[in-house]
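First residue of the sequence shown: 8, per this note's numbering; consecutive thereafter.
From the three backbone atoms N, C-alpha and C, an ideal C-beta is built for every residue, glycine too.
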Amino acid sequence: MLKKKERYNVAVMGATGAVGSVFLSILEERDFPINEIRLLASDRSAGKKLNFRGRQYPVTVLDKDSFKGIDIVLASAGASRSIEFLPHAVRSGAVCVDNSSAFRMEPTVPLVVPEVNPEAAKAHQGIIANPNCSTIQMVLPLMALNRHSRLKRIVVSTFQSVSGAGQQNILELETQAGELSKTEWSSRIGSHNVKPDMVSKFAYQMAFNLIPQIDVFLENNYTKEEMKMVYETRKIMGIPDLRLTATCVRVPVYFAHSECVNIEMEKKITREEAIEILRAFPGITVMDDPLKKEYPMPLMVEGKDNVFVGRIREDDSIANGLNMWVVADNLRKGAALNAVQIAELLIR
Ligand SMILES: NC(=O)c1ccc[n+]([C@@H]2O[C@H](COP(=O)([O-])OP(=O)(O)OC[C@H]3O[C@@H](n4cnc5c(N)ncnc54)[C@H](OP(=O)(O)O)[C@@H]3O)[C@@H](O)[C@H]2O)c1
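In structure tokens:
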């Protein structure tokens, strides 16, 4: 359990990464009560300095002794590092909020989205898991609507930005797009292909392409990312038999994930009722005016905290169906912001 203090000693594990750097901005923006901040990364980053609240802090190499005197660990250094190091952090008295997938489905580890199931955090035994980015943004509107009418089935297709796969993948898209911008446009097929040696992080060229595979394939022919959406949504919403099917696609967008969500409910809900319910839910911004061409898009949502919902309309192919388009910044609400909100629950 975290002892109440005026200010806390906080370690950011993976501080140099895509999520880690957003952690630092969010801790600053939200004026999180910090006494000492410890920035941890791999030996590749030894000697680097990062800016926090106007001062330069050294990055130190993560090891099992990194957590002495630390109250809260915000972890985003990948699942294997979480498995190896978070038990040491817990033993030395810290409470950990973990962004990786390492502990999400452990029965004793709460999986928390503060607007949806904040009370779950209380049962932690030292580790609280932050859900997958694509799951977090979907469960806010799902929970809002489920309070009106029980959800029967969800069909979701995601359009996930490259930053969801980390810093190196952002750079790979940037390099490919830069290379292709040098070549003159032509209608010849193949003129927008990069050289094979420019493809290393993604399975295929990412620029001007869509890749319908995020993470590895499982025996049931779904990807791990798709099944994370199923299992994590059930756990967060507390509906173990919720029917959900997902298709996850990586798209050549730098920041913010978009999702096309189709839901079937027990009771009918009109577009107007859905808009009212979603507007009243914390953390959601409804952006939906077809006459003014108003709907959320990644470029509009990057850098923002809320989950944006638009294109809300009844699905007239089934009895009680609704379609919506859900966009959120994966590095903020999908990762660092959600984790800092969990830490805020702990110190409240
Ligand atoms: N990106 C997202 O939208 C998102 C959303 C939800 C959850 N997550 C999860 O957050 C974690 C980090 O993702 P990311 O996108 O920030 O990745 P990233 O940009 O690749 O950053 C990885 C971070 O982990 C550190 N790291 C890697 N290997 C290490 C080691 N052996 N020892 C210590 N530190 C090590 C890296 O340090 P160096 O710089 O020194 O290599 C870097 O700070 C992953 O578990 C990911 O699944 C990401």
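Based on Cα-Cα distance, which residue from L9, I246, V26 lies nearest to D336? Considering only alpha carbons, the answer is V26.
Using the Cβ count rule (16 or more neighbours within 10 Å means buried), how would you classify E126? E126 should be labelled exposed.
Excluding five sequence neighbours on each side, which residues of the same chain lie with their C-beta closer than 7 Å to the C-beta of T115? Around T115: Q132.
Proximity of V334 and V347 at Cβ, strictly below 9 Å: Not a contact, by the Cβ cut-off of 9 Å.
Are the CB atoms of Q220 and C255 within a distance shorter than 9 Å? In this structure, Q220 lies closer than 9 Å to C255 by Cβ.
When you compare the CB positions of W181 and Y261, do they come within less than 9 Å of one another, or not? It should be noted that the sequence gives Glu, not Trp, for residue 181. Against a cut-off of 9 Å, the Cβ pair of Y261 and E181 comes out as a contact.
Kindly indicate which three-state DSSP category S156 falls into: helix, strand or coil? S156 falls in the coil class under three-state DSSP.
Give me the residue from R339, L352, L353 with the minimum Cα distance to E36. Of all alpha-carbon atoms in R339, L352, L353, the one lying nearest the alpha-carbon of E36 is that of R339.
Considering only DSSP beta bridges, list what G317 is partnered with. Partner(s): W332.
Alpha carbon to alpha carbon, what distance is there between E43 and Y64? Rounded to whole angstroms, Y64 and E43 show a C-alpha spacing of 10 Å.
Expected contact under 8 Å - CB spacing of E239 and N139 to nearest Å: Here E239 really is in contact with N139; their C-beta atoms are around 6 Å apart, less than 8 Å.
Taking buried to mean at least 16 other C-beta atoms within 10 Å of its own C-beta, is K235 buried or exposed? Classification of K235: buried, given that the 10 Å Cβ count is 16 or more.
Do G85 and G21 have their C-beta atoms closer together than 9 Å? Yes.
So for P247, helix, strand or coil by DSSP? Coil.
Looking at C-alpha atoms only, which residue of S28, L298, G61, I33 is the closest neighbour of L46? Comparing Cα-Cα distances from L46 to each of S28, L298, G61, I33, the minimum goes to S28.
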